[in-house]
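Visitor:
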Amino acid sequence: DTGVSQNPRHKITKRGQNVTFRCDPISEHNRLYWYRQTLGQGPEFLTYFQNEAQLEKSRLLSDRFSAERPKGSFSTLEIQRTEQGDSAMYLCASSADGSNQPQHFGDGTRLSIL
Amino acid sequence: GQNIDQPTEMTATEGAIVQINCTYQTSGFNGLFWYQQHAGEAPTFLSYNVLDGLEEKGRFSSFLSRSKGYSYLLLKELQMKDSASYLCAVRVYGQNFVFGPGTRLSVLP
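Protein chains in written order, with the working numbering: chain A, 1303 to 1416; chain B, 154 to 262.
1) If you draw a straight line from the C-alpha of B/C241 to the C-alpha of A/S1307, how long is it?
2) Taking just the CA atoms, how far does A/H1312 sit from B/L228?
3) Which class does B/G206 belong to by DSSP, given the choice of helix, strand or coil?
4) Span of the beta strand (DSSP E) holding A/M1391?
5) Please list, in chain order, all residues of the same chain as A/T1322 whose beta carbon is under 6 angstroms from its beta carbon, the five residues on each side excluded.
6) Among B/Q189, B/F198, B/F182, which has the Cα closest to the Cα of B/G255?
7) Exposed or buried, which one is B/H191 when buried takes at least 16 other CB atoms within 10 Å?
8) Checking the sheet assignment: what are the DSSP bridge partners for A/S1307?
9) According to DSSP, is B/D158 part of a helix, a strand, or is it coil?
10) What is the DSSP secondary structure of B/K229, reduced to helix, strand or coil?
11) Pull up the distance between the alpha-carbon of A/G1342 and that of B/Q159, whole angstroms please.
12) Can you grab the Cα-Cα spacing for the pair A/L1363 / A/H1406, in whole Å?
13) Mark A/L1334 as exposed unless 16 or more other C-beta atoms lie within 10 angstroms of its C-beta, in which case mark it buried.
14) Identify the contact partners of B/P262 in chain A, using a Cβ-Cβ distance below 7 angstroms as the criterion.
15) Can you check which of these residues, B/T197, B/L261, B/G181, B/T164, is closest to A/G1305 by C-alpha distance?
16) Which residues in the same chain have their Cβ closer than 8 angstroms to the Cβ of B/L231, if we skip the five residues on either side of it in sequence?
17) How big is the Cα-Cα spacing for B/F182 and A/K1316?
18) If we define contact as Cβ-Cβ less than 7 angstroms, is B/L240 a contact residue for chain A?
19) Give me the subset of the stretch 1337–1350 of chain A whose CB atoms are less than 9 angstroms from a CB atom of chain B, sorted by chain position.
20) In terms of alpha-carbon separation, which member of B/L258, B/V251, B/R257 lies closest to B/G154?
21) Give every residue of the same chain whose Cβ lies closer than 7 angstroms to the Cβ of B/T176, excluding the five residues on either side of it in the sequence, and list them in chain order.
22) Between which two residues does the beta strand (DSSP E) containing B/V243 stretch?
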């Protein structure tokens, strides 16, 4: 079990630029989640994949955010035309099938918008 | 709507027992999870409850009352390394998780 891997660990970019993050889940996990976390808050759900299918997406997520999991393995999260308010930690988690299965989180990508 | 409440901060002494409460009002319930998160690190899984009652796991125990929308995490024999944020998360119907704001616990010598 190599754990959930996220890249990059840190991303600094200017407002208006596009950014893309990658998540490699635990290999046998079918479920993959993206969250956003700001300082002093719990993770906020963004979207969820079952294999390659994106089954749920937060209504809070604007059209600037898009996620893919093309082959049911790794996933990418893209933010277009970044804004100051996008600065946060972006966490990826994966889990096995089963309602009692916990999520295993990656170390996250910290995004800073200048 | 979805709402989960936890105390913002708690302080306890090394060797003591502390109880962290969580109340929830969610559209659906399919289990409650507790996670520990050290500053700057990823959350790690601590415990899971889906039926009413107490689940014990070493120094950590978690309790659930579904009728009251209430859970608590009990930490015994506190150690300095237990200083962290503790997150309560409810799995609602579908596979969505709703997280509480977290409780920052400081363990003092």
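Don't be surprised by glycine CBs; every beta carbon is placed ideally from N, CA and C.
Guide: Result, derived from the coordinates:
1) 23 angstroms
2) 33 angstroms
3) strand
4) 1390–1397
5) T1378, E1380
6) B/Q189
7) exposed
8) A/D1326
9) strand
10) coil
11) 12 angstroms
12) 22 angstroms
13) buried
14) Within chain A, no residue comes near B/P262; the closest Cβ sits about 25 angstroms away, beyond 7 angstroms.
15) B/T197
16) A165, T166, E167, G168, A169, I170, V171, V260
17) 41 angstroms
18) yes
19) Y1337, Q1339, G1342, Q1343, G1344, P1345, E1346, F1347, Y1350
20) B/V251
21) D158, G222, Y223
22) 237–244
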